Amino acid sequence: MSEKFTPVGELEREIVAELFAMRDEKYRDFHARLIPNVPRERIIGVRTPRLRSYAKELFRSGRAEQFMQMEPPYFYYEEMNLRAFLIEQIADFQRAAEEAERLMIHADNWATCDSMKPKIFAKNHPELIKCVEKWLKSEHTYVVRYGLVCLLTYFLGDDFDPHYCELAAAVPSGEYYIDMANAWFFSMALAKNYDEAVKYISERRLSVFVHNAAIQKSVESRQVPPETKKYLKTLKIK
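Counting from 109, one number per residue, gives the positions in the sequence shown under the working numbering.
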């Protein structure tokens, strides 16, 4: 453990010790390169499937609620992700949404943000879109990014409404991790709801960065037909 780690109480000390027992140092070294803004000493190296399984173990053991009472942020990256995976298990929509926002206020990397997918969100789209609209206006980078991730996860395809593209396009540009999520949203929209999404590319309604990144992601996607990729390439802003 890092000398900088100061546990809040005995439970956190126990949980961190258990996380270290699951450590895979090669995975830690690999994953650290994917989240360069997180200091290496704060990454233990627990694989995501194992961490999700451990979150369920905490629920069964009755320790989950006690851990949730410890406010983020935590020292270790895996502690943040553990809280995200505990939030996934919450059955009450309002509490899950509040906990998700609270965690994202303290998040400092894209991986913690993108991995949290509460089961209850998929069953409550009318309530969720209200939260998304709020999150997209937040002053916190990863709250905004999480709103975009929810938008592309739950509101494309059969549940699509043209208004969702308007919401994404209205997000201010300039923050890298927000812009990349927005490009991801539009690339997925081009794959699943092309007729509406392509207007934002052909009419240049997005920032140059988001515009070009969305095209690049679409070109790299297996979900976009070759002829569509060819057309999108002609729309790239040089």
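Ideal Cβ positions, reconstructed from N, Cα and C, are used throughout, including at glycine. These numbers come from a predicted model, not from an experiment.
TODO: Spell out a yes or no on whether the stretch 159 to 177 and the stretch 232 to 248 are touching, meaning 3 or more CB-CB pairs, one atom from each, closer than 8 angstroms.
DONE: no
- [ ] Reducing DSSP to helix, strand and coil, say where residue 255 ends up.
- [x] Translated into the one-based positions of the sequence shown, residue 255 becomes position 147. If DSSP states are grouped into helix, strand and coil, residue 255 belongs with the helices.
Task: CB-CB length for residue 216 against residue 146, believed under 8 angstroms - done: The count along the sequence shown starts at 1 and reaches residue 216 at position 108. The count along the sequence shown starts at 1 and reaches residue 146 at position 38. In this structure residue 216 is in contact with residue 146, their Cβ atoms being roughly 6 angstroms apart against a cut-off of 8 angstroms.
- [ ] Measure from the alpha carbon of residue 126 to the alpha carbon of each residue in 149, 158, 292, then state which is nearest.
- [x] Working through the sequence shown from its first residue, we reach residue 126 at position 18. The residue with the shortest Cα to Cα distance from residue 126 is 158.
Open item on the list: Along the chain, where does the alpha helix (DSSP H) containing residue 137 start, and where does it finish?
Closed with: Start at 1 with the first residue of the sequence shown, and residue 137 comes out as number 29. Taken as a continuous stretch (DSSP letters only), the alpha helix (DSSP H) holding residue 137 covers 133 to 142.
Open item on the list: Considering Cα atoms alone, identify which of 296, 195, 273 is closest to residue 330.
Closed with: Taking the sequence shown and counting its residues from 1, one reaches residue 330 at position 222. The alpha carbon of residue 330 has as its nearest neighbour, out of 296, 195, 273, the alpha carbon of 296.
TODO: Could you check the C-alpha separation between residue 246 and residue 282 for me, to the nearest Å?
DONE: Position 138 of the sequence shown, counted from the first residue, corresponds to residue 246. Position 174 of the sequence shown, counted from the first residue, corresponds to residue 282. Distance from the CA atom of residue 246 to the CA atom of residue 282, rounded to whole angstroms, is 14 angstroms.
Open item on the list: Runs of 3 residues minimum, wholly inside the stretch 213 to 253: which ones carry the beta strand (DSSP E) assignment?
Closed with: none
Open item on the list: Excluding the 5 residues flanking residue 212 on each side, which residues of the same chain have their C-beta closer than 7 angstroms to its C-beta?
Closed with: For the purposes of this step, residue 212 is identified with residue 104 of the sequence shown, where counting begins at 1. Within the same chain, residue 212 has close Cβ partners 221, 248, 250, 251, 254.
Task: Proximity below 8 angstroms, CB of residue 133 to CB of residue 117 - done: Walking along the sequence shown from the start, residue 133 turns up at place 25. Walking along the sequence shown from the start, residue 117 turns up at place 9. Cβ distance not < 8 angstroms, so residue 133 and residue 117 don't count as in contact.
Open item on the list: If we require 4 or more residues per run, which alpha helix (DSSP H) segments fall completely within the stretch 146 to 227?
Closed with: 156 to 169, 172 to 176, 185 to 195, 201 to 214, 218 to 223
Task: Helix, strand or coil at residue 294 according to DSSP, with G and I counted as helix - done: For the purposes of this step, residue 294 is identified with residue 186 of the sequence shown, where counting begins at 1. In this structure, residue 294 counts as helix in the three-state DSSP scheme.
- [ ] Label residue 287 either buried or exposed according to how many other C-beta atoms from any shown protein chain fall within 10 Å of its C-beta, with 16 as the threshold for buried.
- [x] Reading the sequence shown from its first residue, position 179 is the one you call residue 287. With 16 or more Cβ atoms within 10 Å of its Cβ, residue 287 is classed as buried.
TODO: Select from 291, 300, 324 the residue whose C-alpha is nearest the C-alpha of residue 313.
DONE: Here residue 313 corresponds to residue number 205 of the sequence shown, with the count starting at 1. Out of 291, 300, 324, 291 has the C-alpha closest to the C-alpha of residue 313.
Task: Coil, strand or helix - residue 328 by DSSP - done: For this step, residue 328 is matched to residue 220 along the sequence shown. When secondary structure is reduced to three states using DSSP, residue 328 falls in the helix class.
Open item on the list: Helix, strand or coil, according to DSSP, for residue 340 in the structure here?
Closed with: By 1-based counting over the sequence shown, the position of residue 340 is 232. Helix, per DSSP.
Task: Pairwise C-alpha distance: residue 294 and residue 180 - done: Position 72 of the sequence shown, counted from the first residue, corresponds to residue 180. Position 186 of the sequence shown, counted from the first residue, corresponds to residue 294. Spanning the two alpha carbons is a distance of roughly 31 angstroms.
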